[in-house]
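Counted the way our numbering counts, the sequence shown spans residues -10 to 202.
Don't be surprised by glycine CBs; every beta carbon is placed ideally from N, CA and C.
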Amino acid sequence: MTTLQTKSRFITLEGGEGAGKSTVITALRDALETAGENVVCTREPGGTPLAEEIRSLLLDPQHEAAAPHTELLLMFAARAQHVRQTILPALERGAWVISDRFTDSSYAYQGGGRGLDAALIAELERQVVGIVPAMTLLLDIDVHEGRVRTNTRDLWPDRIEREQEDFFARARGVFLLRAQAEPDRFRVIDAARPREQVAADAVAHLLALRASR
Ligand code: T5A
């Protein structure tokens, strides 16, 4: 694959830690199913058995610290599998695919957060991924506010969640710049509001996209 193809029923959710993506995905799935559509909800890193194994390698804090390039290439190794084994077959069957994170997260976290070259990420995107979602919902929230939400969960923080706030601030900056650069694809949603309002905005964007087809 060398050129990027936009996939009309492929939707991604992006945002910082604790932005509320999991909550919104349930509302998106319900809205599409109510409209009679088949929906596949998936996530990154992950989305296939092999890619979920790679996710464990990436997020388990027990492993040695991954070099930034190791982290980037493992994200793309998982994504290569995810695209071919889960996303493309589902789209070919006529289902909608909603992914909790996709390539924009690599630009934000490995590009912005770790400082890796965006041109390298773009080359991997072209050669390894080959597809772009029709719509990306960016749930935007202040880094500190998002982390307060995740810290109140009773979960052991994963390897990336252990980063400092400036790492996440750089990632947020890249997400917002990408949204500015691609206004046709991105919808930026203020995720600091109550769950119901955030979900209602996301559903409205999705149904508007569906109606425009
Ligand atoms: N990553 C991923 C990369 O570095 N590069 C990549 O290329 C990719 C694909 C994934 C990690 O991998 C990194 C990014 C991530 O660090 P993950 O565990 O899937 O790891 O991390 P996240 O995707 O960030 O998942 P989170 O669970 O942290 O965030 P969500 O899904 O956005 O948040 P959610 O819905 O679980 O909500 C978090 C908490 O906030 C509450 C929820 O109840 C929950 O407790 N909440 C709200 N509270 C108040 N108001 C609202 N509106 C709320 N919405 C949710």
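Worksheet item: To the nearest angstrom, how far is it from the Cα of Asn27 to the Cα of Asp89?
Response: Whole-angstrom Cα-Cα distance: 17 Å.
Worksheet entry | First through last residue of the beta strand (DSSP E) which encompasses Ile130 | No beta strand (DSSP E) holds Ile130; DSSP gives it neither H nor E.
Fill in: Same chain, Cβ closer than 6 Å to Leu39, five either side skipped, listed in chain order
Within the same chain, Leu39 has close Cβ partners Gln70.
Practice prompt. Output the residue ranges of the beta strand (DSSP E) runs that lie fully inside the stretch 43 to 115 and measure 3 residues or longer, sorted by chain position.
Written response: Within the stretch 43 to 115, the beta strand (DSSP E) runs of at least 3 residues that lie entirely inside it are, in chain order, 85 to 89.
Item to complete: Determine the extent of the alpha helix (DSSP H) in which Val163 is found, giving its start and end residues.
Response: Where Val163 is concerned, the enclosing alpha helix (DSSP H) starts and stops at Glu154 to Ala170.
Worksheet item: Among Pro146, Glu112 and Arg103, which has the Cα closest to the Cα of His58?
Response: The shortest Cα separation from His58 among Pro146, Glu112 and Arg103 belongs to Arg103.
Fill in: Cross-strand partners of Asp179 (DSSP beta bridge)
DSSP, once it has assigned bridges, lists Asp129 as partnering Asp179.
Worksheet entry | Ser201 beta carbon less than 7 Å from that of Ala123 | No, these two residues do not count as a Cβ contact at 7 Å.
Discussion item. Taking 6 Å as the cut-off, is the C-beta of Glu6 nearer than that to any heavy atom in the ligand T5A?
Written reply: Correct: Glu6 has its Cβ closer than 6 Å to the ligand T5A.
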